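Participant: What follows is a structure written as structure tokens; I'll ask about it next.
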Amino acid sequence: MSQPGLAYESRGARPCAGWQEFRQEERAGYPLNAAIYQTWLVGYLSGIVAGSGMDFLAGTDNESVFRMVDDYCDDNLRMNLAAAGTHVARSLMQQKGIVNLPTLP
Numbered sequence: 848m849s850q851p852g853l854a855y856e857s858r859g860a861r862p863c864a865g866w867q868e869f870r871q872e873e874r875a876g877y878p879l880n881a882a883i884y885q886t887w888l889v890g891y892l893s894g895i896v897a898g899s900g901m902d903f904l905a906g907t908d909n910e911s912v913f914r915m916v917d918d919y920c921d922d923n924l925r926m927n928l929a930a931a932g933t934h935v936a937r938s939l940m941q942q943k944g945i946v947n948l949p950t951l952p
């Protein structure tokens, strides 16, 4: 768990441009590369759930999460999956009325 004011690195976070490319491949019937990115993202979000104790993923299927990342990456091409995942986490917490949001990366 991070401490306020301390910077840390999200290891393995790939760029949004790669996410978009591999999601297009997935839609064309070639899912392997997308699955690698998706697995990383689900692990990242699960880590936020575990670290915060706030299960914002409950009741939300992975495909809905992936569509949220699609939308984020469409608007933020230069960002990476850690930023997209953090955006998804915050959005889901707000949608589900989770208060006292933890400090996220």
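848 is the number of the first residue of the sequence shown in the numbering used here; add one for each residue after it. Every residue gets a Cβ at the ideal spot worked out from N, C-alpha and C, and that includes glycine. Nothing here was measured: the structure is a model prediction, and the numbers come from that model.
1. Going by Cα to Cα distance, which pick from W887, R874 and R870 is closest to R861?
2. What first and last residue would you give for the alpha helix (DSSP H) that runs through D902?
3. Decide if the region 890 to 905 is in contact with the region 869 to 880; the criterion is three or more beta carbon pairs, one per stretch, under 8 Å apart.
4. Any heavy atom of the ligand ZN closer than 8 Å to the Cβ of A881?
5. For Q867, which residues from the same chain have a beta carbon less than 7 Å from its beta carbon, with the 5 sequence-adjacent residues on both sides left out?
6. What does the Cβ neighbour count give for R874, buried or exposed, with the cut at 16 atoms within 10 Å?
Facilitator: This is what the structure holds:
1. W887
2. Careful: D902 lies outside any alpha helix (DSSP H) and carries neither H nor E.
3. no
4. The ligand ZN is not part of this structure, which contains no ligands at all.
5. C920
6. exposed
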